[in-house]
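> In the working numbering, the protein residues as written are 1 to 175.
Backbone N, C-alpha and C define an ideal beta-carbon position, used for all residues, glycine too.
Values in this document were obtained by computation on a predicted structure and should not be read as measured data.
The following block contains the structure, expressed as structure tokens.
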């Protein structure tokens, strides 16, 4: 088989399923990767005077959000093997959709906080509270990455459900 023939075979047979599994994995892990970056920023104390409260809020919110994000990562990890096989593609798609839905739910909860606080401002808190009190602008800065994360989540779900299970197979010759 020539190099051109191998390339055509690879792009027709493995690329769609590989792109889907890679996309699902990366998109589900985006909030966790963001958390790792914010943990590193907190540990290093980068620009602490200006963004310290925002970084602390990202860390606290994501730590609580692990209730949703760990099962999302487990569903996504389970979907990877199933999306590669045409016989179990539908099961993998359901697992991936469950993981992506949990990720979307977490992002929507993060995005709802500044919206709800704009509609009904919270009562003043105890000054010795362990979580920082944010201004309205800081709340929107906290929610911004999660609003951005919703875009690839939605696009990946749409891609999953537009993809047919047999798209990843080479054409079968029937005499």
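From the DSSP output, in three-state form, read off residue 130 for me.
Residue 130: coil per DSSP, three-state reduction.
> Would you identify the three-state DSSP class for residue 38, choosing helix, strand or coil?
Residue 38: helix per DSSP, three-state reduction.
> Less than 8 angstroms between C-beta atoms, sequence neighbours within five positions excluded: which residues of the same chain meet that for residue 111?
These residues qualify, in order along the chain: 143, 146, 147 and 150.
> Rounded to whole angstroms, what is the Cα-Cα separation between residue 69 and residue 103?
Taking the straight line joining both Cα atoms gives about 6 angstroms.
> Whose CA, out of 57, 19, 71 and 101, lies closest to the CA of residue 129?
Ranking 57, 19, 71 and 101 by Cα distance to residue 129 puts 57 first.
> Please state whether the Cβ-Cβ distance between residue 18 and residue 100 is less than 7 angstroms.
It is not a contact, given that the beta carbons lie outside the stated cut-off.
> CB-CB under 8 angstroms to residue 154, same chain, minus the five flanking residues each way: which ones, in chain order?
Here the set comprises 104.
> Give the DSSP-derived three-state secondary structure of residue 123 in the structure shown.
Residue state, collapsed to three classes: coil.
> On the CB-based measure, 16 or more other CB atoms within 10 Å of its CB, does residue 114 come out buried or exposed?
That one is buried.
> How would you write the range of the alpha helix (DSSP H) that residue 162 sits in, first residue to last?
Where residue 162 is concerned, the enclosing alpha helix (DSSP H) stretches over 136-162.
> Measuring CB to CB, does residue 160 end up less than 7 angstroms from residue 93?
Cβ atoms of residue 160 and residue 93: closer than 7 angstroms.
> Do you know offhand how far residue 134's Cα is from residue 91's?
Their Cα atoms are separated by approximately 43 angstroms.
> Candidates 163, 33, 47 and 152: which alpha carbon is nearest residue 63's?
Of the candidates 163, 33, 47 and 152, the one whose C-alpha sits nearest the C-alpha of residue 63 is 33.
> State buried or exposed for residue 21, treating a residue as buried only when at least 16 other CB atoms are found within 10 Å of its CB.
Buried is the call here.
> What's the gap between the Cα of residue 81 and the Cα of residue 96?
If you take the alpha carbons of residue 81 and residue 96, they lie about 11 angstroms apart.
> Kindly examine the ligand NAP and report whether one of its heavy atoms sits closer than 6 angstroms to the Cβ of residue 65.
The ligand content of the structure shown is nil, which means the ligand NAP is not present either.
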